[in-house]
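*Asks:* Quick note on my numbering: the sequence shown kicks off at -13 and runs consecutively. Ideal placement from N, C-alpha and C gives every residue a C-beta, glycine not left out. Quantities reported herein were computed from a predicted structural model and do not represent experimental measurements. Below you will find the structure I want to go over with you.
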Amino acid sequence: MIQSFLTRTGCAALLCLPLTVSGASYTYLDIYVRGEIYSAPCKINQGKNILVDFKEVVTTRIENDNYSEKLDYRIECQDNRARGIKMYISGTPSSLDERYLSTSVDDLAVKFQANNTLMELGKRINIQSQAQPEIRVILAKKSGVKLPSGDFNANATIHIEYE
């Protein structure tokens, strides 16, 4: 009987415990988050795709940068907040050279030059919106390989990062 009384008293004490805890005071503080969203201050080629057409290419002449086309693009920045601008080109690296862009034809690749210096895929270069680098798109092939006749294509993306 004493054990029964203790069990009932213990249960009653446990039932009263939440009532004493819920009566405790607490403090809170509101957190306010503010910010301002800006649209990208720079546009590349007014958002339009860029096509580089090599037209007809003689496979035996794809050496020594014989096939080189200027990349016709324009970067326009509306906001002076973009003080430091970095640019890079991304795409699928070629098995010929990972710094080059792969094409739909094995052993044929596309390399990029910015102001006559190799522009590796994924490597950022510093630019200024007022003095954009001249970018050349150049065909390259594996030495000693005979390429098949037919169409080829490659896809890349120009990226701009600003600070």
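Using the three-state DSSP reduction, which class does G77 fall into: helix, strand or coil?
*Replies:* G77 falls in the strand class under three-state DSSP.
*Asks:* Pick helix, strand or coil for T45, following the three-state DSSP scheme.
*Replies:* If DSSP states are grouped into helix, strand and coil, T45 belongs with the helices.
*Asks:* Under the DSSP definition of a beta bridge, which residues are partnered with Q99?
*Replies:* Answer by DSSP bridge pairing, in chain order: L104 and R122.
*Asks:* For the beta strand (DSSP E) that contains N50, what are its first and last residues?
*Replies:* It is not in any beta strand (DSSP E) - N50 carries neither H nor E in the DSSP assignment.
*Asks:* R85 and L57: beta carbons closer than 8 Å?
*Replies:* Cβ atoms of R85 and L57: not closer than 8 Å.
*Asks:* For T103 versus A140, is the C-beta spacing smaller than 8 Å?
*Replies:* No, they are not a contact pair.
*Asks:* Suppose you measure from the CA of N52 to the CA of E149; what does that come to, to the nearest Å?
*Replies:* Near 37 Å, if we compare the C-alpha coordinates of E149 and N52.
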